[in-house]
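A.B. asks:
Residue numbers (this note's numbering): 12 to 340.
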C-alpha cells in the first residue's frame, strides 16, 4: 500500500488543535477488514463541526471525513474482493474511526456498501451522506403516504447539501416543490434544480408561536430544525409528514400536541448514521435508479483537491457553501 496523504486533526501540548495535510504509513490505519483506495470524499456540515470546531472527536490524532467512495485494495471479508467499487458513509467513519479525507482507509466490512449499478464513484460522493439523507427522507415520507398528487412539498434549507438534493430528486419524481432559502441570489439555482416555488427563510419564522396555522404542505424535508421546524409543524396539511434530519437552525423545538392529534401529522426522525444496512442498501439502489437526481453535475457540484479542504470546511460552517462539494483524491 505504501505511504498515503491524509488531513489529520491533532491536539498539541498546549491544548490547541491543528488540522494539516500529512504523509502517513499504513500502520496509521485503524483496525478493519476492508482497505479502500479512496477516489472521492465529500464535505458535509458535520465534517466542519469535527475538523474546525473539534466537536464529536473521540481521540487524537484523527482523520475526519464521514464519506468516501473508492475501490477495495485488500479485504479479509469474503463479501468484498480487490477491485470492488464501494461506498462507505456514516456509522463511525470520520468520528470514532479515521475517515474519508485520506487517500487510503481501512474500515469494518459491515460498514461497506457495494456501489450500485447506475452510479459512478464520483456520483456516489456528489450524493454522499447529504444525498443519502435526502433520499432516506423521501423514502420515509413516501412510506407514510406521501405521493405527488397529495399536495405541495416544502424543502427547508434548500441550498444546503441535503436541501439541494431533496429539491432535485423530489422534482424529478413529479412533486410540486417549494424551496426555502435565505439567499436571494440563489433563486435561479433552485429553479434549475426543479423548485416550482421559492420562499424566503423569514417566511418560515415561528412568529407568535401559533400551534396551528393554515395547512400548506403535504410533506416537508427539514434539515434545519429549531424555530423553522416549529413553523413547519404548524402548517402541515392533514395527514402530512415532516422528515427532520438536521439542526443548523437549532436543536430545541417548542411545539404542542395539536398538529399530531388534530391533523394526524407524522414527525419522522431521519438518522443516516445507524440506518440499518438493509434499508441503507435499498436507498442507495434507489439513488441509482428511480430516485437518481437529474443534476449530478453542473451548478450542484463543486469539486476540489485535497489541499483546498480547510477553506471549504470553514465556509460550510458559515453557510457559504451551496449544493455539494466533493474532494477528488
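Each residue gets a CB set at the ideal place from its N, CA and C atoms; glycine is no exception.
Remember, predicted model here, so these are calculated numbers, not experimental data.
1. Should residue 216 go down as buried or exposed, given a rule of 16 or more other Cβ atoms within 10 Å for buried?
2. Following the continuous alpha helix (DSSP H) through residue 217, name the residue where it begins and the one where it ends.
3. From the DSSP output, in three-state form, read off residue 294 for me.
4. Beta-carbon separation of residue 85 and residue 149 under 8 Å?
5. By the three-class DSSP mapping on this structure, what secondary structure does residue 24 have?
6. Give me the Cβ distance between residue 26 and residue 77, rounded to the nearest whole Å; I'm assuming they're in contact under 8 Å.
7. Mapping DSSP to helix, strand and coil, what is residue 16?
8. Measure the C-alpha to C-alpha separation of residue 264 and residue 236 and round it to an integer number of angstroms.
9. Buried or exposed: residue 251, going by 16 or more other Cβ atoms within 10 Å of its Cβ?
10. Please work out which residues of its chain come closer than 6 Å, Cβ to Cβ, to residue 318, disregarding the five sequence neighbours upstream and downstream, and give them in chain order.
11. When the Cα atoms are used, what is the spatial distance from residue 300 to residue 60?
12. Just reading off the beta strand (DSSP E) that residue 155 is part of, what are its end residues?
13. For the alpha helix (DSSP H) holding residue 248, just list the boundary residues, first then last.
14. Just to confirm the assignment, what range does the beta strand (DSSP E) spanning residue 313 have?
15. When DSSP labels each residue in this structure, what does residue 212 get in the three-state scheme?
16. Please specify which runs of the beta strand (DSSP E), each continuous and at least 3 residues long, are wholly inside the segment 118 to 158, giving them in chain order.
17. Do residue 120 and residue 154 come within 8 Å of each other at the CB atom, strictly closer than that value?
18. Quick check on the burial criterion: 16 or more other C-beta atoms within 10 angstroms. Buried or exposed for residue 208?
C.D. replies: The short version:
1. exposed
2. Residue 217 -> no alpha helix (DSSP H), and no H or E assigned at all.
3. Taken through DSSP and simplified to helix, strand or coil, residue 294 comes out as helix.
4. no
5. It is coil, neither helix nor strand.
6. The C-beta separation of residue 26 from residue 77 comes to about 25 Å, leaving the pair out of contact by the 8 Å criterion.
7. In the structure shown, residue 16 sits in a strand (DSSP, three-state: E or B).
8. 7 Å
9. Counting Cβ neighbours within 10 Å, residue 251 comes out buried, since at least 16 surround it.
10. none
11. 32 Å
12. It is not in any beta strand (DSSP E) - residue 155 carries neither H nor E in the DSSP assignment.
13. Premise fails: residue 248 lies in the beta strand (DSSP E), 247 to 255, not in any alpha helix (DSSP H).
14. 312 to 316
15. Three-state DSSP puts residue 212 in a helix.
16. 123 to 125
17. Cβ atoms of residue 154 and residue 120: not closer than 8 Å.
18. exposed
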